[in-house]
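Colleague:
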Amino acid sequence: VQLQASGGGLVQAGESLRLSCVASGIIFSANPMDWYRQSPGKQRLFVATIRNGDITEYSDSVQGRFTISKDNAKNTVYLQMNSLKPEDTAVYYCSVFLASLRRRIWGQGTQVTVSS
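Mapping to the working numbering: the sequence shown position 47 is 65, numbers consecutive.
#1: Tell me whether G32 is buried or exposed, calling it buried when 16 or more other Cβ atoms sit within 10 Å of its Cβ.
#2: What is the residue span of the beta strand (DSSP E) that A117 lies within?
#3: Could you round the C-beta distance between I44 and A66 to whole angstroms and report it? I think they count as a contact, below 8 Å.
#4: By the three-class DSSP mapping on this structure, what secondary structure does E105 have?
#5: For the candidate residues V95, R122 and K60, whose alpha-carbon lies nearest to that of R69?
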């Protein structure tokens, strides 16, 4: 199982970025896909998830600004981030919990930096 995230970068406050994560080695359509983020010196925190039927959930800190979506044909999950704030600065990780393995798989992370 591999998760390859991309799309991070340096932007100014108020701007947008779209992160992508390509999954391989799993039945993509059958698994909820998640985004987490980790700021320096802090623990990794949940950002968003998308489940079967395109049911989505978001952390309070990004609700209304971020949108998670996926393309099953491309085995890709996206995170559209709008109205970015300096406090959104973090390494963003895509992730999937594989119940069959009782294990959470992480991608390599992509850096998002928002300047004020």
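Beta carbons: idealized from backbone N, C-alpha and C, even for Gly. Quantities reported herein were computed from a predicted structural model and do not represent experimental measurements.
Modeller: Here's the rundown:
#1: exposed
#2: That residue, A117, is in no beta strand (DSSP E); it is neither H nor E in DSSP.
#3: Not a contact, Cβ separation roughly 18 Å.
#4: helix
#5: V95
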